[in-house]
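Participant: Dropping the structure in here first, questions after.
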Amino acid sequence: KHATKLEKFKAQNVVLNGVLCIVRTVVVTMFIFVVLSLVSAIVHEKSKSLVSVRQQEKLANQYFLPAYFDQAKHYYSQSEIGLKLRKMASKASQADAQHAEDYYKKQLPMFIESAKKFQLHKHFEGIRLPKAISFHDMIKARGELLLRNLENHGWEDFKIEKDKCVMFEFLKNNGLPHVPWLQIFRASNTSDRSAEFNKIIPKVKQVLDEQKDFPLFIKSCHITTGAAKSVKRILEKETLEYHWDSILDWAENMWNYRSNDWERLWAKPFNSLCNTLTPGFMVQKPWVPGRMEYPEEIKVEVLWGRAYLAFVSTGSCGGDTIILRDGSVTRYTDSLLQNILHQGAHDPCYQWIVDEGHLPRVWFMAEAAAKLMGIDAIRIDVFVLKGKPEASVINEDSLSSGAEYRWHFPYMADIWAQGHKEKLYSVVNPGVDSQKWWRGEGYYSQTIAKCNSSLIVKGAQGC
């Protein structure tokens, strides 16, 4: 009996040691992964200011650390397991997570009602919901849907974001308030890109030379990834004279570059879509003539025609601030620890966006744009001007937002997926792709905003 007990004890001890060994291996592996991910993120971020975007992709991605480290870093920042680990780390994280949960519960009934009234464009129907519902998984599923649509039907709805120039044509032809633009230049023969570039660039230069109001902007139609630095700002007329060679080098580099979302889970489908785009440039007028500093830009996530939150991406106080419909203004960048653990703190620097009454116009414009597109979930980016709520306009949009929404990620994903699971929406087929669904330049101001001066631009058509 004694020998049997001893053997049993030894067997249990072997099992226990095996379990402990597995646990240690998992912990060590996770630690190494976290360290490598942080190093990868630092290398990638620093390299953006030292080399071109194509060199950055090659050096930091292929030669130093493979893309899956950065993809995993982004993915686990919004996944259930990543959020649970952060919540366990501190009371501040728990408090901010609880605020996000309470906000979701209060907002959910209104989003359900909005989904029931939403007219979904036929081309955005039929998304294959992922097994694990997360915001990034939903974006990947969308990319796969759009790629299938292009391959099977020739539908090009992805262009409503992935081609900036197409996007601005949509905004104009539906009368939505937007940053004004002067002219769009596109390649007509994609087989000889160099010849097309040499044909177009003198025309771009001529348009720039004719302008009196600065700053001006050259935007690459076919590039939407922020890291690509696809927008060139020209502060004054002298810049054209003394720095044209550097502008020309930038333009040629952008002409030959194609968007690459290699850091993201959805890279494969969206890269395939972007590779089909024709290169081009748009010359954009200043939003506010003479204004040299970058404007405050807030990115509004709209789900089923209703805005969920606004994310301040750029401005006088930096970015990474989240503004909710309950009036809370929360930032996450006071320290590295606060950033990593999602420990929100009140942001007094951007409180004016709420206090000055900017949000009613911002919400309205963003929601109107999403409904006019017929898109279930889309980010609408809006410029706001301190002291002038009536000046805000739409700048861009995104079908694959890479913004950091912290604790709100799972709730936005659930709302997005729930609309499809329960088929709450009605489907509309206008007979054209969403980016060509034009109602006329006076439609927003007259039909949607009813010529309300707080919701339209001065001199809007028909008002």
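Residues -15 to 447 (our numbering) make up the sequence shown, in order. For glycine and all other residues, C-beta sits at the position ideal for the given N, C-alpha and C. All figures in this text were calculated on a predicted structure; none of them were measured in a lab.
What whole-angstrom Cβ distance do residue 80 and residue 327 have, given they're in contact under 8 Å?
Facilitator: Indexing the sequence shown from 1 puts residue 80 at position 96. Indexing the sequence shown from 1 puts residue 327 at position 343. Between residue 327 and residue 80 the Cβ distance is about 6 Å, and since that is below 8 Å, they are a contact.
Participant: Can you look up residue 195 in the DSSP assignment and give me helix, strand or coil?
Facilitator: Start at 1 with the first residue of the sequence shown, and residue 195 comes out as number 211. Residue 195 falls in the coil class under three-state DSSP.
Participant: Compare the beta carbon distance of residue 207 and residue 286 with 8 Å and say whether it is the shorter of the two.
Facilitator: By 1-based counting over the sequence shown, the position of residue 207 is 223. By 1-based counting over the sequence shown, the position of residue 286 is 302. Taking 8 Å as the Cβ cut-off, residue 207 and residue 286 do not qualify as a contacting pair.
Participant: With DSSP collapsed to three states, give me the class of residue 451.
Facilitator: Residue 451 lies beyond the range of the chain shown here (-15 to 447); nothing can be said about it.
Participant: Do you know offhand how far residue 308's Cα is from residue 347's?
Facilitator: As a position in the sequence shown, residue 308 is number 324, starting the count at 1. As a position in the sequence shown, residue 347 is number 363, starting the count at 1. Each residue's alpha carbon lies about 11 Å from the other.
Participant: I need the DSSP call for residue 48, collapsed to helix, strand or coil.
Facilitator: For the purposes of this step, residue 48 is taken as residue 64 along the sequence shown, with counting starting at 1. Note that residue 48 scores a pLDDT of 47, beneath 50, so its modelled location is shaky and nothing firm can be said.
Participant: For residue 215, which residues in the same chain have their Cβ closer than 8 Å to its Cβ, ignoring the five residues on either side in sequence?
Facilitator: Sequence index remark: in the sequence shown, residue 215 carries index 231 (1-based). Cβ neighbours of residue 215 beyond the five flanking positions: 201, 202, 203, 204.
Participant: Just to confirm the assignment, what range does the beta strand (DSSP E) spanning residue 201 have?
Facilitator: Along the sequence shown, one-based indexing puts residue 201 at 217. From DSSP, the beta strand (DSSP E) with residue 201 extends over 200 to 204.
Participant: Can you name the residues that DSSP bridges to residue 305?
Facilitator: Position 321 of the sequence shown, counted from the start, is the residue given in the question as residue 305. 296, 315, per the DSSP bridge assignment.
Participant: Around the C-beta of residue 167, are 16 or more other C-beta atoms found within 10 angstroms, so that it is buried, or is it exposed?
Facilitator: Start at 1 with the first residue of the sequence shown, and residue 167 comes out as number 183. Exposed: under 16 other Cβ atoms inside 10 Å.
Participant: Determine which residues share a DSSP beta bridge with residue 290 and list them.
Facilitator: Within the sequence shown, residue 290 is the residue found at index 306, counting from 1. Answer is 287, bridged to residue 290.
Participant: Can residue 131 and residue 141 be called in contact, C-beta distance under 8 Å?
Facilitator: The residue given as residue 131 occupies position 147 in the sequence shown. The residue given as residue 141 occupies position 157 in the sequence shown. Their beta carbons are not under 8 Å apart, which means residue 131 does not touch residue 141 by this criterion.
Participant: Scan the stretch 198 to 278 and note each continuous beta strand (DSSP E) run of 3 residues or more that stays entirely inside, going in chain order.
Facilitator: Whole beta strand (DSSP E) segments, 3+ residues: 200 to 204, 215 to 218, 264 to 268.
Participant: Among residues of its own chain, excluding the 5 on either side of residue 400, which ones have a beta-carbon nearer than 7 Å to its beta-carbon?
Facilitator: The residue given as residue 400 occupies position 416 in the sequence shown. Within the same chain, residue 400 has close Cβ partners 122, 287, 360, 361.
Participant: Suppose you measure from the CA of residue 253 to the CA of residue 436; what does that come to, to the nearest Å?
Facilitator: Within the sequence shown, numbered from 1, the residue matching residue 253 stands at position 269. Within the sequence shown, numbered from 1, the residue matching residue 436 stands at position 452. Roughly 41 Å separates the two Cα atoms.
Participant: Do you know whose CA, among 128, 298, 290, lies nearest residue 95's CA?
Facilitator: Taking the first residue of the sequence shown as 1, we reach residue 95 at position 111. Comparing Cα positions, the closest option is 290.
Participant: Is the stretch 83 to 100 in contact with the stretch 393 to 409, if contact means three or more CB pairs nearer than 8 Å?
Facilitator: Yes, the stretch 83 to 100 is in contact with the stretch 393 to 409.
Participant: When you compare each of 294, 278, 389 to residue 323 by their alpha carbons, which one comes out closest?
Facilitator: Indexing the sequence shown from 1 puts residue 323 at position 339. For residue 323, the nearest C-alpha among the options comes from 389.
Participant: For residue 9, is the classification buried or exposed, using 16 other Cβ atoms within 10 angstroms of its Cβ as the cut-off for buried?
Facilitator: Within the sequence shown, residue 9 is the residue found at index 25, counting from 1. By the 10 Å Cβ count, residue 9 comes out exposed.
Participant: Taking the C-alpha atoms as reference points, what is the distance between residue 405 and residue 356?
Facilitator: Walking along the sequence shown from the start, residue 405 turns up at place 421. Walking along the sequence shown from the start, residue 356 turns up at place 372. Straight-line Cα distance between these residues: approximately 23 Å.
Participant: Can you tell me whether residue 266 is buried or exposed, with buried defined as 16 or more other CB within 10 angstroms of its CB?
Facilitator: Residue 266 sits at position 282 when you count from the first residue of the sequence shown. Flag for residue 266 reads buried.
Participant: Here's the rule I'm using: 16 or more other beta-carbon atoms within 10 Å means buried, otherwise exposed. How should residue 158 be labelled?
Facilitator: To locate residue 158, count along the sequence shown from 1; it is residue 174. So residue 158 ends up on the buried side.
Participant: Starting from residue 105, follow the beta strand (DSSP E) in both directions and report where the run begins and ends.
Facilitator: Along the sequence shown, one-based indexing puts residue 105 at 121. First-last of the beta strand (DSSP E) with residue 105: 103 to 105.
Participant: Pull up the distance between the alpha-carbon of residue 120 and that of residue 72, whole angstroms please.
Facilitator: Counting from one through the sequence shown, the residue named residue 120 turns up at place 136. Counting from one through the sequence shown, the residue named residue 72 turns up at place 88. So the alpha carbons of these two residues sit roughly 23 Å apart.
Participant: Can you list, in chain order, the residues of its chain with a C-beta nearer than 7 Å to that of residue 310? Leave out the 5 residues immediately preceding and following it.
Facilitator: As a first step, residue 310 must be located in the sequence shown, where it is residue number 326. 87, listed in sequence order.
Participant: Using the C-alpha atoms, what's the distance from residue 192 back to residue 199?
Facilitator: Residue mapping note: residue 199 aligns to position 215 of the sequence shown, counting from 1. Residue mapping note: residue 192 aligns to position 208 of the sequence shown, counting from 1. Distance between the alpha carbons of residue 199 and residue 192: 10 Å.
Participant: From this set, 184, 261, 331, 249, which residue's C-alpha is nearest residue 232's C-alpha?
Facilitator: Translated into the one-based positions of the sequence shown, residue 232 becomes position 248. It is 184 whose Cα lies nearest to the Cα of residue 232.
Participant: Let me check understanding here. Comparing Cα to Cα, which of 171, 280, 294 lies closest to residue 301?
Facilitator: The residue labelled residue 301 in the question sits at position 317 within the sequence shown. Considering only alpha carbons, the answer is 280.
Participant: Given a cut-off of 8 Å on the beta-carbon distance, is the pair residue 255 and residue 244 in contact?
Facilitator: Looking up residue 255 in the sequence shown gives position 271. Looking up residue 244 in the sequence shown gives position 260. For residue 255 and residue 244, yes; Cβs fall inside 8 Å.
Participant: Taking the alpha-carbon positions, what's the residue 293 to residue 283 distance?
Facilitator: Counting from 1 along the sequence shown, the entry for residue 293 is found at position 309. Counting from 1 along the sequence shown, the entry for residue 283 is found at position 299. Approximately 8 Å between the Cα atoms of the pair.
Participant: Between the Cα of residue 58 and the Cα atoms of 386, 5, 163, which residue gives the shortest distance?
Facilitator: As a first step, residue 58 is located in the sequence shown; it is residue number 74 there, counting from the start. With distances taken between Cα atoms, residue 58 lies closest to 386.
Participant: Quick one, which of 431, 421, 429 has its alpha-carbon nearest residue 144's?
Facilitator: Along the sequence shown, one-based indexing puts residue 144 at 160. It is 421 whose Cα lies nearest to the Cα of residue 144.
Participant: Is it true that the CB of residue 440 sits closer than 8 Å to the CB of residue 161?
Facilitator: Within the sequence shown, numbered from 1, the residue matching residue 161 stands at position 177. Within the sequence shown, numbered from 1, the residue matching residue 440 stands at position 456. Yes. Within cutoff.
Participant: Does residue 167 come out as helix, strand or coil in the three-state DSSP assignment?
Facilitator: Counting from 1 along the sequence shown, the entry for residue 167 is found at position 183. Strand.
Participant: Can you find the residues in the same chain that come closer than 6 Å, C-beta to C-beta, to residue 423, ignoring five residues on each side of it along the sequence?
Facilitator: Translated into the one-based positions of the sequence shown, residue 423 becomes position 439. Once the five neighbours on either side are set aside, the close Cβ partners of residue 423 are 158.
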